[in-house]
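Residue numbers (my numbering): 75 to 229.
We put the beta carbon where it would ideally sit given N, CA and C, even for glycine.
Source: prediction; values computed, not measured.
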């Protein structure tokens with residue numbers, strides 16, 4: 075891959091349709107256990123925005139990783155610091171903090187060491203299974219948020 079730039083995220087009509095379909099399944103608890111519906115408040119509009127997201131559960135905690143770079147949910151989360159994660163009949167209210175690049179590199183390595191890498195690996199320069207040093211070079215392009223506090227409620 076060498077000097078090729080990281081693939082830029084584009085919200086295409088196909089991706090929007092796929093997100094809507096996956097969101098419907100996640101809302102009812104169907105799909106992989108790590109898949110949640112992340113809802114953030116729009117930083118300008120104030121409207122709630124939802125997107126399906128694979129949550130990284132690690133021995134170091136729980137993390138929200140943006141494989142596609144600085145997307146709208148990342149900007150919204152940076153502004154607000156709070157979000158909800160929904161899966162099935164549970165909603166989890168979360169407070170997050172953004173990790174610095176030094177802390178996030180090993181988490182990105184762990185994030186790609188999973189079957190989800192089939193979908194998100196093209197957005198990374200480092201290949202799944204690469205050493206942590208390979209992820210340090212691109213950690214600033216993939217924001218990682220640590221869930222520091224959460225409260226779950228049944229709906």
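What residues in its chain sit with their C-beta under 8 Å from that of residue i, if we drop five residues either side in the sequence?
| i | result |
| --- | --- |
| residue 149 | 117 |
| residue 187 | 202 and 203 |
| residue 195 | 186, 201 and 202 |
| residue 214 | 175 |
Between which two residues does the beta strand (DSSP E) harbouring residue i extend?
| i | result |
| --- | --- |
| residue 169 | 164 to 172 |
| residue 225 | 218 to 228 |
| residue 135 | 135 to 139 |
| residue 115 | 109 to 115 |
Taking Cβ positions, are residue i and residue j nearer each other than 7 Å?
| i | j | result |
| --- | --- | --- |
| residue 112 | residue 159 | yes |
| residue 169 | residue 222 | yes |
| residue 151 | residue 128 | no |
| residue 220 | residue 120 | no |
| residue 229 | residue 163 | yes |
| residue 142 | residue 197 | yes |
Mind checking residue i: buried by the 16 CB within 10 Å criterion, or exposed?
| i | result |
| --- | --- |
| residue 114 | buried |
| residue 132 | exposed |
| residue 167 | exposed |
| residue 173 | buried |
| residue 226 | exposed |
| residue 178 | buried |
| residue 88 | exposed |
| residue 122 | exposed |
| residue 102 | exposed |
| residue 157 | buried |
Using a Cβ-Cβ cut-off of 7 Å (strictly less than) and excluding sequence neighbours within five positions of residue i, which residues of its own chain qualify?
| i | result |
| --- | --- |
| residue 140 | 148, 216 and 217 |
| residue 79 | Below a pLDDT of 50, predicted positions are generally treated as unreliable, and residue 79, at 47, falls in that range; no measurement from the model is reported. |
| residue 125 | 93, 112 and 147 |
| residue 99 | 105 |
How far does the alpha helix (DSSP H) with residue i in it extend, from its first residue to its last?
| i | result |
| --- | --- |
| residue 146 | 146 to 154 |
| residue 191 | 191 to 194 |
| residue 91 | 87 to 101 |
| residue 206 | 206 to 210 |
Within its chain, find whatever has a CB closer than 6 Å to the CB of residue i; leave out the 5 residues flanking it on each side and keep chain order.
| i | result |
| --- | --- |
| residue 75 | Residue confidence for residue 75 is low, a pLDDT of 41 falling below 50, so the modelled location carries little weight; the figure read from the coordinates is stated next. 199. |
Would the beta-carbon of residue i be found less than 6 Å away from any heavy atom of the ligand MG?
| i | result |
| --- | --- |
| residue 148 | With respect to the ligand MG, the structure offers nothing, as it holds no ligand at all. |
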